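S.K.:
In the UniProt record's numbering, the protein residues as written are 1 to 200.
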């Protein structure tokens with residue numbers, strides 16, 4: 001699966017998210033947030049901490065760290081940034097999001113200071129759960145692409161967050177550890193009595 005193309009145009013906005021890698025109950029896990037239902041955009045959806053780049057941010061990494069502190073109260077000194085991925089474009093092609101992988105060490109979810117205006121709750125998913133084929137699905141769209149979906153927990157991981165999760169697992173884990181493949185099913189043609197052939 002390739003990153004969504006930005007078709008050569010400069011996006012109206014740039015944003016960044018932190019992909020928090022942490023240890024919870026001795027399991028290497030990813031930390032996710034559930035966005036507040038009071039927000040104007042993407043309300044009630046699973047996401048990584050992050051947001052739009054501010055004019056005061058020196059870099060997109062700074063954006064990811066600032067937003068993580070504002071949403072979860074995690075200090076920058078507690079985050080070891082390992083690197084970044086490629087820009088991922090939104091379906092509207094009006095924004096490009098840069099993911100940064102940050103290691104937090106051992107984390108107590110209950111000890112995080114949540115900004116309730118932005119974050120409804122926080123949860124973690126062990127990597128061993130994310131790479132289990134039983135917890136992997138995909139969503140296919142009519143215009144010719146499929147996106148990953150991760151299930152098996154209280155909150156389904158889909159959309160851009162699932163795309164970034166897919167990229168991170170593919171890059172982070174050794175060959176053969178993460179083997180999920182997105183299957184695209186080509187629409188077939190059928191002819192009904194008295195009609196012309198059309199795609200279904």
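Ideal Cβ placement from N, Cα and C applies to all residues, glycine included.
In this text, all values refer to a predicted model and were calculated from it rather than measured experimentally.
Suppose the cutoff is 6 Å on Cβ atoms and the five residues either side in sequence are ignored; what does the same chain contact list for residue 85 look like?
M.R.: Taken in chain order, the residues that qualify are 99 and 167.
S.K.: According to the neighbour-count rule (16 or more other Cβ atoms, all chains shown, within 10 Å of its Cβ), is residue 148 buried or exposed?
M.R.: Buried, because 16 or more other Cβ atoms sit within 10 Å of the Cβ of residue 148.
S.K.: Beta carbon of residue 173, beta carbon of residue 150: below 9 Å?
M.R.: Cβ atoms of residue 173 and residue 150: not closer than 9 Å.
S.K.: Anyone know if the C-beta pair for residue 35 and residue 54 falls short of 9 Å?
M.R.: For residue 35 and residue 54, no; Cβs fall outside 9 Å.
S.K.: Which residues in the same chain as residue 63 place their Cβ atom closer than 6 Å to its Cβ, once the five residues preceding and following it in sequence are excluded?
M.R.: If we look at residue 63 and ignore the five residues flanking it on each side, its Cβ neighbours are 16, 53 and 57.
S.K.: Please classify residue 96 as buried or exposed, where buried requires at least 16 other C-beta atoms within 10 Å of its C-beta.
M.R.: It counts as buried.
S.K.: List the DSSP bridge partners of residue 27.
M.R.: DSSP output for residue 27 lists 24 as bridge partner(s).
S.K.: For a test of the three-state rule: what should DSSP assign to residue 84, helix, strand or coil?
M.R.: In this structure, residue 84 counts as strand in the three-state DSSP scheme.
S.K.: Where does residue 12 land, buried or exposed, given buried means 16+ other C-beta within 10 angstroms?
M.R.: It counts as exposed.
S.K.: Would you call the stretch 21-29 in contact with the stretch 118-130, where contact means no fewer than 3 C-beta pairs closer than 8 Å?
M.R.: The stretch 21-29 is in contact with the stretch 118-130.
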